Amino acid sequence: MADAARTPHIEVENLEIHYGVVPAVRGVSFSVQPGEQLTLLGPSGCGKTTTLRAIAGLEKPSAGEIRIGGAPVYSSARSVNIPAEKRGLSMVFQSYAIWPHMSVFENVAYGLRVRRESKEAIVEKVDRALDMVQMRPYRDRGASQLSGGQQQRVALARAFVFQPAVLLFDEPLSNLDAKLRADMRIELRELQHRLGITSVYVTHDLEEALAMSDRIVVMRDGLIAQVGSPGDIYNTPRNAFVADFVGSANLIRGRHRADLDADGLVALETAGGVVYGMAHGRPAGADLTFSVRTVHLQLSAQKPAAARNVWPVRVARSVFQGDFTQVNVAWGDQVIVVRGAAMEPLAEGSGAFLSVEPRRVVLLEE
Amino acid sequence: MRVSRFSFKPQAIAGAFVAIVAGLLVLYPVAYLLQAALDTGDPEARPPTAYGFDNFAGLLEYPQIILNTLTVSFAATAMALVLGFLMAWILTRTNVPGRRLFEQMMVVPYYLTPLLGALAWSLLGTPESGFLNQAYRALGGAEYLIDINTAAGIAWVMALFEGSVAFVMIGAVMKSMDPALEEASQVMGASRIRTMLRVTLPLVLPGVLGAAIFVFAEMLGSFAAALVLGLPSRYYVVTTAIYQFMQQYPPKIPLAAAMGTSLFVVMFVMLFIYRRIITAGSYVTITGKAFRPRVNDVGRLRYLLLAICLFYLFASVVLPLLTLFYASIQKISTAFPAASNFTTEHFTKAFTMNAATTALGNSLWLGLWTATLGVLLMGLISWIIYRSKLPGAAAIEYIVMFPQAVPRLVFAFGMMWAWLMFPIPIYGTLWLLLIAYLTVFLPLGVRTISGVMLQIDKSLEECAQMCGASWGYRIRTVTVPLLWPGLIAAWLLLFVASIRELGASILLMGPHSKVITPSIVESWFASSTELTAAMALIQTAVVAIAVSVLLAVTRRATAHITD
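So the sequences go chain by chain: F and U.
Reminder that position 93 of the first sequence reads as 93 in this note's numbering, one-by-one numbering, no gaps.
Numbers given in this note's numbering equal positions in the second sequence, counted from 1, plus 366.
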């Protein structure tokens, strides 16, 4: 497989899926490189799970093409639709789908038995897989006696034990409690690296997507909103939807003041003052919108030394939320949300200075 | 949308097979029924020489029958609803002693069948020889206390039976109502009465209305009680009239067909309305969650409520069984027998008489085959309807649920014609009965199996598919093991239903294919009452054994799965 590195492992082209007359996916194209972990991120109903199930073969698309390793597994033009069991993929389900009538061992061995592997090979591979997810001590337990996290591990072992070409994950962590979810996130990422397997991961959880992925496809209403690395998506969201969905952001609208543009920065006139931001190569028209992450804003009692993007504001509300403090400040005709871990205590109603580095202010495409 | 030549091949074959079998079983007889109803040509000629609606006009010559049917149905529905509602309220919402036990006992009347009730109440309540009337005269009364061979008598026996159906339906609604809804009303300052009128009643109403329509539709198609109790006094309802039209010489085939068709159209409309009410009108009460209903402390009143519960079970279960037993152990049954009158000869006879043993043997054979083939066929149908993504699955669901809207007697009428015309001569054999049972019990089997199937998370099967398992392999290793309790329950229910079947069997059995329930009816009218009572008890015992196995097995199986 010399050119495996150059051919994308999974290619999705102009995929359309309808439920009756309701379109769930409306023309989506992306590809996944060998060994890459790609995440489909979006709110519920955006078509991410439907897209994943179409790749798996569990959902029949209405149009488009899906290729795995260069060979079409679904193509409306060529009238190809290979059933799920013959696509050589594997999947971890949101509900874990642990078979309650089998032991842990039997659950994991299922895919190997289907492939008619020898008894010894099955025992060896299942034990190795259970070791990797630290479930070896539970191998003879009934599957229904396991906790949620343990079921998740068994589901994982079962999915990779037969060395599938691709692993698909359908919100695998969404049924776990917050603390366990955070642990499993790391564990899953490590496992993924060790296995080096191509995977497509579906989630609505931003932190999960950022932590787990090489690349993220943000979806909305059956369309792709943005594709990029976690850093790209977080730091330079393309539009208001991505900015808001991927973390919390303030949107600042105003009129472009081309006469004030300087040092490669775009100047925007707003009710709260002039704001400088970065265009990242995006076209700057007359009316523009900037996005600023709540955590990138600074709030201080003393006026900072910076020449640009410093504004006097009034503290409207300050709420301590544990890991961070959220302060709402009145700025021009809108309220700006500032979040920080170690913030100066500021009394509600007092005056303060709001500032931000211009590179943290991102011009959005409308 | 084109389907590739690779995709879902075994599924597609199974789907086509199921569609053809279901279509053949259900639609083929219905087509013949409609043809007979619309046949206005030469009665000797087949196929019909002319079509028209004249047969339906003939129905108007029998206004008494329609009036009788409506009288009995309304009376029985009203009584069944009062019983069902009262019992549901008592057993879910009050602190009457022994609620748990009573709740489990409430299904027993349903298993005892209207036929058994009718036989027993006939022994108790015929004007001349009824045990109750004999006792009444012995106490100095004149003539008789009750006359069971009337509309009220038929309605009473049916209400005792349908009361258990109404209880299950209304009780389910009461249980699925969030008690917080009532508590919210009381917290806001509403009185108990006001809460009852403004919150409880509106929430329960759709369920009660649904039960009313369902019970009424069942009543319209009911046959056994009207036959046993109505025939002696020539009180006919639609179903018994159809039977009579078929039995007399020459048979009035077109009229029977028109009557049957009208009946099933009315029932079809009612069951359609029922489904609409159940799906649309249930507001927020049905969340799929079972709540612990709020129990009202009713104080001293609970002894009265206890008496009501005891009375219902006494009248519908204990008294009928005791009566039949009492009659079956006497030479000539009477309320006050001499010691010399007691005998076991009827049981001996029932076990040795050729006609009775053959009929029982045939019924057991049919029960085993109906249940075994039925579970295979209906399991496959359930899977195709609820799990496959094959086109036309919804249409198959409508077809298999169709027999529910058709009284079995009417269905058997269509089947008689249909299979008489069938190139393979199965008319008059047990095979015809087997086909008939598989058809009329389609809704029962499919509902039982799919009820369990819908509780099994779909991803359990999808996961097997993602592991590379073919359709047959995943059905065998995942679907069937998980479905096992449902399959066993369906097997036993089909077995019990077959053993008890009357409406379809009475028209379709031939001299060489007798089965037990119609034989009991025949024996009732043609030979001895006491022997009939013995046969009915033997049949009940067989059913009781099957039902207790059913309960034990399903309890163990569900315990295993939910562990």
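Quick reminder that beta carbons are idealized off the backbone N, C-alpha and C, glycines included.
Since this is a predicted model, take the numbers as computed values, not measurements.
At which residues does the alpha helix (DSSP H) containing residue i begin and terminate?
i                 : result
Glu13 of chain F  : It is not in any alpha helix (DSSP H) - Glu13 of chain F instead sits in the beta strand (DSSP E) that spans 10-19.
Tyr476 of chain U : 474-491
Ile698 of chain U : It is not in any alpha helix (DSSP H) - Ile698 of chain U carries neither H nor E in the DSSP assignment.
Ile197 of chain F : Counting along the chain, Ile197 of chain F falls outside any alpha helix (DSSP H), and DSSP gives it neither H nor E.
Glu207 of chain F : 206-212
Ala155 of chain F : 148-160
Glu469 of chain U : 465-471
Gly397 of chain F : Residue 397 of chain F falls outside the range modelled here, since chain F spans only 1 to 366, and no answer is possible.
Ala870 of chain U : 869-874
Thr49 of chain F  : 48-56
Mapping DSSP to helix, strand and coil, what is residue i?
i                 : result
Val602 of chain U : Reading the sequence as shown, one finds Tyr at residue 602 of chain U and not Val. In the structure shown, Tyr602 of chain U sits in coil (DSSP, three-state: anything other than H, G, I, E or B).
Ile911 of chain U : helix
Ser894 of chain U : coil
Gly351 of chain F : strand
Ile559 of chain U : helix
Asn499 of chain U : helix
Tyr276 of chain F : strand
Phe324 of chain F : coil
Ile186 of chain F : helix
Gly64 of chain F  : strand
Ala71 of chain F  : strand
Ala225 of chain F : strand
Leu363 of chain F : strand
Gly381 of chain U : helix
Asp232 of chain F : helix
Val166 of chain F : strand
Asn707 of chain U : helix
Arg922 of chain U : helix
Give the single residue among the options whose Cα lies nearest to the Cα of residue i.
i                 : options                                : result
Leu732 of chain U : U:Pro620, U:Glu711, U:Val862           : U:Val862
Phe169 of chain F : F:Pro34, F:Glu365, F:Lys48, F:Val315   : F:Lys48
Asn728 of chain U : U:Met543, U:Thr883, U:Asp544, U:Leu485 : U:Thr883
Tyr398 of chain U : U:Leu457, U:Ser871, U:Trp783           : U:Trp783
Gly930 of chain U : U:Gly450, U:Val438, U:Glu549, U:Glu584 : Any question about residue 930 of chain U goes unanswered here, given that chain U covers just 367 to 929.
Thr906 of chain U : U:Met453, U:Ile865, U:Asn461, U:Ile751 : U:Ile865
Arg360 of chain F : F:Leu297, F:Gly322, F:Ala258, F:Arg136 : F:Leu297
Tyr793 of chain U : U:Trp749, U:Leu873, U:Leu860           : U:Leu873
Ala341 of chain F : F:Ile233, F:Arg53, F:Thr294            : F:Thr294
Val604 of chain U : U:Ala591, U:Pro616, U:Pro598, U:Gly587 : U:Gly587
Arg813 of chain U : U:Asp823, U:Thr843, U:Pro769, U:Ile841 : U:Pro769
Ala622 of chain U : U:Asp420, U:Leu390, U:Arg503, U:Val915 : U:Asp420
Glu269 of chain F : F:Arg282, F:Ala243, F:Asp287, F:Val356 : F:Asp287
Met535 of chain U : U:Ala550, U:Ile841, U:Leu505, U:Val570 : U:Val570
Pro61 of chain F  : F:Leu130, F:Ala84, F:His280, F:Arg339  : F:Ala84
Ile695 of chain U : U:Val908, U:Val913, U:Thr406, U:Ile904 : U:Ile904
Leu38 of chain F  : F:Gly264, F:Val246, F:Val310, F:Ser229 : F:Ser229
Please report the residue range of the beta strand (DSSP E) in which residue i lies.
i                 : result
Gly254 of chain F : 249-256
Ser748 of chain U : No beta strand (DSSP E) contains Ser748 of chain U, which is instead part of the alpha helix (DSSP H) from 720-752.
Asn107 of chain F : Taken as a continuous stretch (DSSP letters only), Asn107 of chain F belongs to no beta strand (DSSP E), being part of the alpha helix (DSSP H) at 104-114.
Met91 of chain F  : 89-92
Met585 of chain U : From DSSP, Met585 of chain U is part of no beta strand (DSSP E) but of the alpha helix (DSSP H) over 567-586.
Phe30 of chain F  : 22-32
Thr460 of chain U : Premise fails: Thr460 of chain U is in no beta strand (DSSP E) and is neither H nor E.
- Those runs of the alpha helix (DSSP H) which lie wholly inside the segment 815-865 of chain U and span at least 4 residues: 824-832, 837-840
- Query: Taking the runs of the beta strand (DSSP E) that are 3 residues or longer, which of them lie wholly in the segment 285-311 of chain F?
  - Reply: 287-293, 298-300
- Query: Are the segment 677-689 of chain U and the segment 612-620 of chain U in contact at 8 Å, needing three or more beta carbon pairs?
  - Reply: no
- Can at least three beta-carbon pairs, one atom from the segment 732-746 of chain U and one from the segment 802-810 of chain U, be found at a separation below 8 Å? yes
- Task: Take every Cβ of the segment 792-804 of chain U, pair it with every Cβ of the segment 128-140 of chain F, and state whether three or more of those distances are shorter than 8 Å.
- Result: no
- Item | Complete runs of the alpha helix (DSSP H) confined to the segment 400-458 of chain U [at least 4 residues] | 420-424
- Query: Three or more C-beta pairs closer than 8 Å, one from the segment 161-168 of chain F and one from the segment 112-132 of chain F: is that the case here?
  - Reply: yes
- Query: Is there contact between the segment 690-703 of chain U and the segment 496-515 of chain U, where contact requires at least three CB pairs shorter than 8 Å?
  - Reply: yes
- Message: Using a Cβ distance threshold of 8 Å, determine whether the segment 430-447 of chain U contacts the segment 486-495 of chain U, with at least three qualifying pairs required.
- Response: no
- Between the segment 888-904 of chain U and the segment 767-785 of chain U, do three or more beta carbon pairs fall short of 8 Å? no
- Message: Between the segment 76-89 of chain F and the segment 48-60 of chain F, can you find at least three pairs of beta-carbon atoms closer than 8 Å?
- Response: yes
- Task: Flag this pair as touching only if the segment 535-544 of chain U and the segment 458-466 of chain U have three or more C-beta atom pairs under 8 Å; answer yes or no.
- Result: yes
- Determine contact between the segment 196-212 of chain F and the segment 167-181 of chain F, defined as no fewer than three beta-carbon pairs at a distance below 8 Å. yes
- contact_flag[the segment 421-432 of chain U, the segment 620-639 of chain U] where n(CB pairs < 8 Å) is 3 or more: yes
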